[in-house]
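J.: Before anything else, here's the structure in question.
Number of protein chains: 2
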Amino acid sequence: MLRGFSAESDRAEHDWETKFRAIPDPANLRQYMQRLSARPHHVGSAYDKDNAEWLLSKFKEFGLDAKIESYDVLFPTPKERVLELVAPSHFTAKLQEPTVPGDPTSSQHDEQLPSYNAYSIDGDVTAPLVYVNYGAPTDYEQLDRLGISVKGAIVIARYGATWRGIKPKVAAEHGAVGCIIYSDPRDDGFYQGSVYPAGPFRPSDGVQRGSVMDMPVYPGDPLTPGIGATKDAKRLKLSEVTTFTKIPTLPISYGDAQPLLAAITGRVAPERWRGALPITYFIGPGPAKVHLKVSFNWDMKTINDVIARIPGSTYPDEWIIRGNHHDAWVNGAEDPISGASALLEEARGLGTLLRQGWKPKRTIIYCLWDGEEEGLLGSTEWAEDHAEELRKKAAVYINSDGNGRGFLGVAGSHTLEKFINSVARDVKDPETNLSVWKRLQLRALADQPESAAGATRESPASDRQELRQRADLRISALGSGSDYTAFLDHLGIASLNLGFGGEDNGGVYHSVYDDFNWYTHFSDTDFSYGRALAETAGLAVLRLADAEILPFDFADFTDTVQRYVDEIQKLAQTQRAEIVERNREIEEGVFAAKDDPQHKTVPPPAEAVPPFLDLAPLQNGLAALQTASARYDKAFEHARESDGSIPARLSLRALNADLIAVERALTLSDGLPGRSWFQNQIYAPGFYTGYGVKTLPGVRESIEQKQWKLAQEQIVRVGGVLENSGERIQSAAAELDRGSQ
Amino acid sequence: MLRGFSAESDRAEHDWETKFRAIPDPANLRQYMQRLSARPHHVGSAYDKDNAEWLLSKFKEFGLDAKIESYDVLFPTPKERVLELVAPSHFTAKLQEPTVPGDPTSSQHDEQLPSYNAYSIDGDVTAPLVYVNYGAPTDYEQLDRLGISVKGAIVIARYGATWRGIKPKVAAEHGAVGCIIYSDPRDDGFYQGSVYPAGPFRPSDGVQRGSVMDMPVYPGDPLTPGIGATKDAKRLKLSEVTTFTKIPTLPISYGDAQPLLAAITGRVAPERWRGALPITYFIGPGPAKVHLKVSFNWDMKTINDVIARIPGSTYPDEWIIRGNHHDAWVNGAEDPISGASALLEEARGLGTLLRQGWKPKRTIIYCLWDGEEEGLLGSTEWAEDHAEELRKKAAVYINSDGNGRGFLGVAGSHTLEKFINSVARDVKDPETNLSVWKRLQLRALADQPESAAGATRESPASDRQELRQRADLRISALGSGSDYTAFLDHLGIASLNLGFGGEDNGGVYHSVYDDFNWYTHFSDTDFSYGRALAETAGLAVLRLADAEILPFDFADFTDTVQRYVDEIQKLAQTQRAEIVERNREIEEGVFAAKDDPQHKTVPPPAEAVPPFLDLAPLQNGLAALQTASARYDKAFEHARESDGSIPARLSLRALNADLIAVERALTLSDGLPGRSWFQNQIYAPGFYTGYGVKTLPGVRESIEQKQWKLAQEQIVRVGGVLENSGERIQSAAAELDRGSQ
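The listed protein sequences derive, respectively, from chains A and B.
Numbers given in my numbering equal positions in the first sequence, counted from 1, plus 226.
Numbers given in my numbering equal positions in the second sequence, counted from 1, plus 226.
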C-alpha cells in the first residue's frame with residue numbers, strides 16, 4: 227500500500243496513476259521544445275515574454291486556473307566588453323560565438339545576449355595575469371605555498387569545481403583586480419569528445435555565460451533581499467547591494483583563452499591544474515598583461531512567472547508546489563526547456579485527469595519561473611512575496627531544471643527519501659527493462675571501487691551490503707543552483723530536485739549552442755527521458771496531493787543526520803590531527819628539506835591547535851530525533867484500522883500540520899552566520915562552494931573556517947534545532963496514537 | 227662503530243674515508259662528460275670503441291690494473307623505416323630528430339643511430355590503427371570491456387607505465403600485427419614544462435629509442451642465453467631466439483603521432499587514457515589505416531667492457547663489484563655518462579688512496595659496461611662468462627646509471643638496507659645542510675597523504691610513526707632496467723642501485739637531445755650531485771671492502787620478507803573476494819544496467835572462484851628466517867672483545883663465506899616458472915611489467931595470472947628457499963657463537 231494512503235484511496239490512486247502514466251507524449255515534448263527554444267529568450271527579451279504568454283495559454287488550454295505573476299528586478303546587460311593581451315604581444319579576444327553550419331538558431335546574433343557574467347561590477351583594469359586553476363580557496367592555498375600573490379593582478383580561472391560566482395569572490399578576497407573565467411577543453415571541450423556540431427562538446431569559441439551574483443549571501447533580485455520585488459517594494463540603492471562582484475569579471479572561450487594563457491610564464495602549474503590546451507600551463511604572474519574593460523546597462527526588467535493552481539478538494543491549505551524555470555541565457559533547449567517541457571506535459575496530464583473527475587485532496591501549484599539564470603529571480607521573488615502563506619501552507623516543493631538521457635538524479639530533503647524511492651520504483655527506465663530505481667541501485671553497485679582505496683565509507687564491502695540491503699537508496703542533499711533554493715533554504719519547505727542524466731554529456735551549457743539542433747542530435751533525442759521525467763514528477767505530485775497522511779518519513783532522515791553528525795565529529799578530529807602533524811613537520815624542517823632550491827616554496831604557517839569541541843548538544847539533538855522518529859514509526863504502523871481505513875478519530879488536518887511543521891522547525895529566523903537569508907540549519911549551499919551543499923552548515927563551515935568559538939555556538943543552536951524538530955515529530959506521533967486508540 | 231669493523235679497523239676506516247671524501251671534484255666530472263658525450267657512442271660505433279679505450283687509459287692512469295673484455299653480440303640496426311597514414315588521408319612520418327639551435331651535438335646526424343626499437347623483427351604491414359593507451363595488460367582488459375579487438379590491427383601505444391618491451395609483447399598476444407610507440411607530451415613533453423631548448427622537456431620531434439627485447443625471459447645477447455658471448459660460444463640460430471618481438475615495432479615522436487591519432491575515430495578513450503595532444507583521443511579501430519615497414523641489419527658487433535681490478539689484501543676471493551655502463555643510444559650525457567663519470571671519479575679516488583698506502587681487505591672490481599642500452603649486453607655477458615667464479619666470490623654488486631639533481635634513490639637487496647642507510651647518513655646533500663639520509667626521511671614525511679584516502683599501509687599516522695622511529699629508511703626492491711640484473715637475478719649476488727634525482731625532470735631520454743648542452747643547462751648543472759654519487763658509492767665500496775665482517779643484516783631483510791608474505795596473503799584474499807563479488811554482479815545484471823545503449827560495453831566474463839591457498843609453507847619459511855635472524859643479531863652483538871677487537875678464534879673467512887651463501891640460497895637453479903634464467907626467488911622484474919619489480923615473483927605472478935596450482939607449488943618452493951636461507955644465517959650465527967665463546 228502507498229505510504230499515507232488508506233486502503234480505499236490507495237485503490238483509487240492506482241487507477242488515477244495508471245491513467246496519468248498513459249498521457250505524457252514525447253511528440254508533445256518535442257513540439258514544446260521547438261517552440262520555446264526557437265529564439266533567444268532571456269529575461270527582458272521579447273521572446274521570453276512571448277513564451278510566458280504562450281505557456282499561460284497552454285495551462286489554460288489544459289483547463290487550469292493560471293496567471294502570470296510579475297516582478298521588477300535589476301538585470302544588468304553588457305554595454306562594453308573589451309579583453310586584450312597588451313604585453314608581451316598583442317591579442318584582442320573576439321568574445322563572439324560564431325554561427326555553426328547546419329544549426330539554424332546559432333545565427334540569431336541580433337537577439338542573442340552577448341557572453342558575460344551577470345552582476346559583475348563595471349570596471350576597467352590593466353594588470354599582469356595569474357592562472358589560478360579553478361579559483362577555489364584551496365587553489366589560493368597552493369599559490370601561497372608557491373609564493374605567488376594575485377594582489378593587483380587579473381586572475382584567469384577555469385570553469386568547474388566551484389560555482390562560477392565563487393571565482394571572482396575569492397579572487398577579490400586575495401587582492402585581485404579583475405577575473406576572467408574560461409572553459410578549458412579538458413573540462414567540457416575536445417578532451418571529452420568531439421565538439422559541436424560533430425559531437426556534443428564545447429567548440430573552441432563556445433562561452434559559458436552565467437550569473438556571478440554572490441548567491442550564498444542571498445539569491446534573487448539584489449535590490450529586494452528577503453521581500454518580493456513587487457512594483458512598490460522598498461529597494462536598496464545600487465551602492466547598498468552586497469551581492470555584486472567586487473571586481474570586473476568576464477567569461478571567455480578557450481579559443482580566446484589560449485593566447486592569454488600561452489603568454490604566461492613563471493612557475494609551471496601543478497599537475498592537477500593543467501588543462502587540455504596544447505601549451506605548458508604556467509601560473510605567472512605575467513609577463514602576460516591584459517586589459518579588461520566591462521560596463522553594463524544597470525536596468526530594471528520585468529520577469530514573468532507563469533503560475534497554475536489546482537485547488538485541493540479536502541486540504542486546500544496544504545500545498546504541493548512543482549516548478550521549473552522557462553527563461554534561458556540564449557535559446558536554452560536543454561537548460562531549461564527540456565525540464566520545462568516535461569512540466570508542461572505533466573500539467574496537461576493533470577488537466578486531463580481533472581476533466582475525468584480526479585479531485586486532488588491538496589492544492590497543487592505548477593510554476594514556470596522566469597529569471598532563474600540571473601540568480602533564481604523568479605522563484606525567489608515569488609517565494610519571498612508569498613512567504614507568509616507558504617510558511618503556513620506549503621508541504622512540498624518539487625523542482626526540475628535541465629533534463630537528459632540516463633539515470634534518475636534525485637536530491638533533496640531526507641524526510642522525502644523513502645517517498646521518492648517509492649516513486650522511482652514505479653517508473654520504468656526507457657532504455658532497459660528495469661525500474662529507474664533498480665537501474666540506479668545497480669549502477670551504484672557498479673560504481674563501487676574494487677578495492678578499499680577509493681571507498682567512500684568504511685569499506686566497499688559494507689557500502690555494497692548497504693546498497694543491497696537498505697530499503698531505500700540514499701539521496702543527495704541539495705545545495706543551490708536551481709529554483710528550490712528559496713523554498714528549501716529560506717522557508718524550510720521539504721524539497722526535491724529531479725532530473726535524468728549521465729548519458730547526455732556535452733559542452734554547450736549557457737552558450738548559443740544549447741539549442742534544439744544540439745538537443746535533438748546529442749541529448750534525449752527521442753524525448754523518452756523527457757516523458758520519464760513527466761511521469762516521475764507527475765506521480766510524485768499525484769501521490770503527495772492525494773495521500774491522507776503526508777508521506778514524510780523520519781527514519782531515513784534521522785539516519786542521514788546521524789551520518790552528518792559523524793562527519794562533523796570526524797572533521798573536527800581530522801582537522802585537529804592534521805594541524806598538530808603539520809606544526810610538527812614545520813618544526814622538523816620537513817618542508818624546507820623537500821624543497822627544490824631552483825623552485826622554492828613557502829612552508830605553511832604554524833597554526834594554533836584547535837580546542838576540542840563539545841559535540842554533546844548535537845548528539846543530544848540527534849538522540850531526541852532518534853527517539854521521536856522511532857515513536858512516529860511505531861505509531862504510524864498502528865494508524866490504520868483492520869480494513870485499511872484510517873481511524874475517524876484521527877485529525878488528519880492536525881497531523882499533517884504537525885508533519886509540515888517538522889520541516890519548518892529545521893529553520894532559524896536569524897539564519898546562518900553572516901547570511902541570515904539562509905534559514906535552514908540542515909542544508910545550505912557552501913559559502914565557498916556556491917552550489918555544493920554543506921550539511922549542518924553553521925557547524926561545518928565554522929569548523930572548516932577554523933572559527934572555534936562560533937563552531938561551539940553553532941553546535942548548541944543546531945542541537946536545539948534537532949530537538950525542536952524532534953518535538954514536532956513527537957507531536958505528530960501523539961496525534962497518531964490519540965487517533966488510533 | 228661501523229658495522230662489521232673492529233675498533234681498530236674502524237678508526238683506520240674513518241681516516242681513509244675522510245681522505246676519500248676530499249677527492250671527487252665536480253670539475254673532473256664535467257670534463258669526463260664533455261669528452262665521453264662529445265659524439266654518438268652506441269654499440270659498434272667508432273666513438274663507443276674510442277670511449278672504451280679512453281676509459282681504459284684513465285683507469286690505468288689512476289694506477290689500476292685494467293683491461294677491456296670483449297664479447298660478440300647480435301645487434302640489429304635499421305635498414306628501412308617507413309610509417310605512413312594511408313587512409314582516410316595521407317601522411318608520412320618524418321622519423322627524424324632535427325638539429326636544435328644552440329645545441330652543438332644535435333647536428334651530428336651522420337653518426338646518430340636513427341630512432342628505432344632494437345630487436346623488433348623485420349616486418350611490412352598495413353592495417354587499421356587502434357589506440358591502446360600504455361599497452362599494458364589492464365589496457366587490453368579495458369578494450370575487452372569496450373568490445374574492441376586489436377586482432378589484425380596495428381596498435382599505437384604511448385610510452386610509460388610499463389617497460390617499452392611489454393607493449394609489442396602484449397599487443398602480439400592479443401593478435402595485433404604491428405606496434406607503434408610514441409612519447410605523449412602529457413608524459414614528458416610540453417604538458418610537464420617548457421620543451422628543449424627552452425626547457426628540459428621533450429620537443430615535438432624528440433623520439434625515445436630503446437630495446438624491446440623480451441628481457442623478462444632473459445636479457446643479454448639473444449644468441450647466447452646463460453653463457454658468455456665469447457668468440458667461440460655456441461650460438462642460437464636467429465630462428466631459435468625467443469626474445470625478439472613477435473611483431474614489427476617502431477617508436478615515434480608526438481609530432482609524428484598526432485596526425486595518426488587525429489585520424490582515429492570510434493569510441494572516445496577513457497579519461498585516464500587521454501594524453502596532452504590537442505585532439506580528442508579515440509580508440510578506433512580505424513578509419514585511420516597505417517603502413518608500417520621496418521627492416522634491420524642483423525649484424526654481430528663487438529662490445530667492450532672496461533674492467534679494473536684492485537686485489538684484496540686479506541680476502542682476495544671476496545669481491546666487491548661496482549658498475550655503470552658507458553654506451554649510449556646517441557650522445558647520452560645523462561644516460562649513462564652522468565653515472566659513468568661519477569664511477570670514473572671514484573676510481574680516481576681509490577687509485578689515490580692506494581698510492582697513499584690503503585690496502586682494501588677484499589678485491590674491488592670497477593666495471594664500465596658496454597651495450598647496456600640494447601639489453602644489458604655487456605654486464606650480462608660478463609656475468610655469464612664469469613658465472614662460476616662470481617657465484618663463489620662475489621659478495622656485493624653496486625650499480626649506478628644516469629644521475630641527476632635531488633634525492634638519493636636506493637634500491638636493492640634488503641640484506642644491505644641497514645648498510646646503505648649508514649652510508650646515506652654520512653653523505654651531505656649539496657643543496658641543504660642535511661645528510662642525504664635526513665633529506666630522504668623528511669621528504670618521505672612530506673609525501674605522506676594528509677588523510678587516510680591515499681595511505682600506503684594501515685594509516686598515514688602509522689606510516690609517519692615508522693618513518694620517525696624505524697632506524698633505517700626502507701629501500702625499494704630491484705626489478706630490472708640496468709646492469710645489476712645478471713648479478714642479482716641470475717646469480718643471486720646482493721646488489722644495490724644508487725643515483726640522485728627528483729629535481730632533474732626532463733624529456734630527452736634516449737633521444738639525440740640527451741647531451742652535454744641539455745645536461746649542463748637542466749640537470750645537475752654544477753655536477754655537485756655527480757660528486758655526491760661518487761662519494762656515496764665510493765664510501766659504500768670502501769666500507770664493504772674494508773670491513774672484517776661483511777655488513778649484511780637480516781633483521782631488515784626479514785622484516786621486508788614479512789611484508790611481502792603479508793602482501794601475498796592480502797593479494798590472494800582480495801583477488802578471491804573480487805572474483806566472488808564480480809560474479810555476483812554479473813548475475814545481478816549490474817553491468818547491463820549501467821550500460822549506455824549508445825555506447826555498449828561487454829560485461830566481464832564470470833570466473834571460477836579461486837581455491838583457498840595454503841600459505842603455511844611460506845609462513846614457516848618466514849618463521850625460520852625470523853628465528854635465524856634473531857639468533858644472528860644476538861651473536862653479532864657478542865662477537866667483539868671488550869677492547870673492540872674481533873676474537874681471534876672467529877674464522878672470518880668461514881663467517882663471510884656463510885654470509886655470502888645466504889644470498890645465493892635465495893636462488894633456485896631452475897629459476898622462475900617459464901623463465902629459468904631468473905633464479906632469484908625474492909626479486910624479479912615482472913613478466914608483464916618489464917622493469918617493475920615483483921617480489922616473491924614465483925608466487926605473486928602465479929596468483930596474479932590465476933594459475934592456482936602453480937601458485938601452490940611456488941609457495942612450497944619459495945617457503946623452502948626461505949628455510950634454506952635461514953639455515954645459512956644459522957650457520958653464520960653458529961660461527962659467530964663459536965668464535966666468541
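Don't be surprised by glycine CBs; every beta carbon is placed ideally from N, CA and C.
Would you mind telling me which residues of chain B sit closer than 8 Å to A:G270, beta carbon to beta carbon, in chain order?
T.: None at all; the shortest Cβ gap to chain B is about 38 Å.
J.: Give me the chain A residues within the contact set of B:P823, using Cβ-Cβ distance strictly less than 9 Å, ordered along the chain.
T.: Within 9 Å Cβ-Cβ: E657, T658, E729.
J.: Quick one, which residues of the stretch 591-605 of chain A are near chain B if we go by CB-CB under 7 Å, in chain order?
T.: none
J.: If A:D596 and A:H551 are in contact, beta carbons under 8 Å, what's the gap, nearest whole angstrom?
T.: 7 Å
J.: If you draw a straight line from the alpha carbon of A:P747 to that of A:V556, how long is it in whole angstroms?
T.: Correcting the residue type first, residue 747 of chain A is His in the shown sequence and not Pro. Computed Cα separation, rounded: 18 Å.
J.: Taking a Cβ distance cut-off of 9 Å, strictly less, list which residues of the stretch 490-515 of chain B are near chain A, in chain order.
T.: T491, V494, E497, R500, A502, L503, P504, I505, T506, Y507, F508
J.: Does the separation of the CB atoms of B:P777 and B:R307 fall below 7 Å?
T.: no
J.: Please list, in chain order, the chain A residues whose beta carbon lies closer than 7 Å to that of B:V816.
T.: L668, L671, A672
J.: Smallest Cα separation from B:I509: which of B:V358, B:A763, B:N629?
T.: Residue B:V358 is the option with its Cα nearest to B:I509.
J.: Within the 7 Å Cβ cut-off, does B:E610 reach chain A?
T.: No, B:E610 does not count as interfacial toward chain A.
J.: A:R665 versus chain B: which residues are under 7 Å apart at the beta carbon?
T.: A819
J.: Against A:S564, what residues of chain B qualify as contacts under a CB-to-CB distance less than 8 Å, listed in chain order?
T.: Correct list: empty, because the minimum Cβ distance to chain B is about 17 Å.
J.: Hey, is B:N950's beta-carbon within less than 7 Å of any beta-carbon in chain A?
T.: no
J.: Can you name, in chain order, every residue of its own chain whose Cβ lies under 7 Å from the Cβ of A:W499, other than the five neighbours on each side?
T.: Here the set comprises N359, Y507.
J.: Give the straight-line distance between the Cα atoms of A:L839 and A:E927, rounded to the nearest whole angstrom.
T.: A:L839 and A:E927: Cα-Cα distance of roughly 14 Å.
J.: Determine the closest residue to A:V381 out of A:L518, A:I453, A:S895, with distance taken between C-alpha atoms.
T.: Distance from the Cα of A:V381 is smallest, within the candidate group A:L518, A:I453, A:S895, for A:L518.
J.: So with CB distances below 8 Å, who are the chain A contacts of B:F726?
T.: Under the 8 Å cutoff, chain A gives no residues; its nearest Cβ is about 12 Å from B:F726.
J.: Label A:K460 either buried or exposed according to how many other C-beta atoms from any shown protein chain fall within 10 Å of its C-beta, with 16 as the threshold for buried.
T.: In this structure A:K460 is exposed. Its beta-carbon is surrounded by fewer than 16 other beta-carbon atoms within 10 angstroms.
J.: On the three-state DSSP scale, how would you describe A:S721?
T.: strand
J.: Can you list, in chain order, the residues of its chain whose CB lies under 8 Å from that of B:L989, leaving out five sequence neighbours each side?
T.: One cannot answer for residue 989 of chain B here, as it falls past the ends of chain B, which runs 227 to 967.
J.: Under a three-way DSSP split, which group does B:R548 fall into?
T.: strand
J.: Using a C-beta cutoff of 7 Å, does A:E676 count as contacting chain B?
T.: yes
J.: Should A:G419 be flagged as near chain B, meaning a C-beta pair shorter than 7 Å?
T.: With 7 Å as the cut-off, A:G419 counts as an interface residue toward chain B.
J.: Residues of chain B with a CB under 8 Å from the CB of A:L416: which are they?
T.: The sequence as given places Phe at residue 416 of chain A; Leu does not occur at that position. Those are P504, I505, T506, listed as they occur along chain B.
J.: By the 8 Å beta-carbon criterion, what residues does the stretch 796-813 of chain B contribute toward chain A?
T.: T800, A803, E804, E807, E811
J.: For A:L881, which residues of its own chain have a beta-carbon under 7 Å away from its beta-carbon, when the five flanking residues on both sides are left out?
T.: Its chain contains I775, A958, E961, L962 as the residues whose beta carbon lies nearer than 7 Å to that of A:L881, once the 5 sequence neighbours on both sides are disregarded; these appear in chain order.
J.: Distance check for B:A672 and A:D365, CA to CA, integer angstroms please.
T.: Rounded to whole angstroms, the gap between the alpha carbons of A:D365 and B:A672 is 19 Å.
J.: Using three-state DSSP, classify A:S521 as helix, strand or coil.
T.: strand
J.: Assign B:L464 to buried or exposed, taking buried as 16 or more other Cβ atoms, counted over all protein chains shown, within 10 Å of its Cβ.
T.: exposed
J.: Does DSSP put B:G728 in a helix, a strand or coil?
T.: strand
J.: Quick one: what's got a C-beta closer than 6 Å to B:A854's C-beta in the same chain, skipping five residues either side?
T.: G952, I955, Q956
J.: For A:K457, which three-state DSSP category applies?
T.: coil
J.: How many angstroms separate the CA atom of B:L462 from the CA atom of B:L602?
T.: 18 Å
J.: Indicate whether the contact test is met: 3 or more Cβ pairs, each with one atom in the stretch 571-581 of chain B and one in the stretch 622-639 of chain B, closer than 8 Å.
T.: Under the three-pair Cβ rule at 8 Å, the stretch 571-581 of chain B does not count as touching the stretch 622-639 of chain B.
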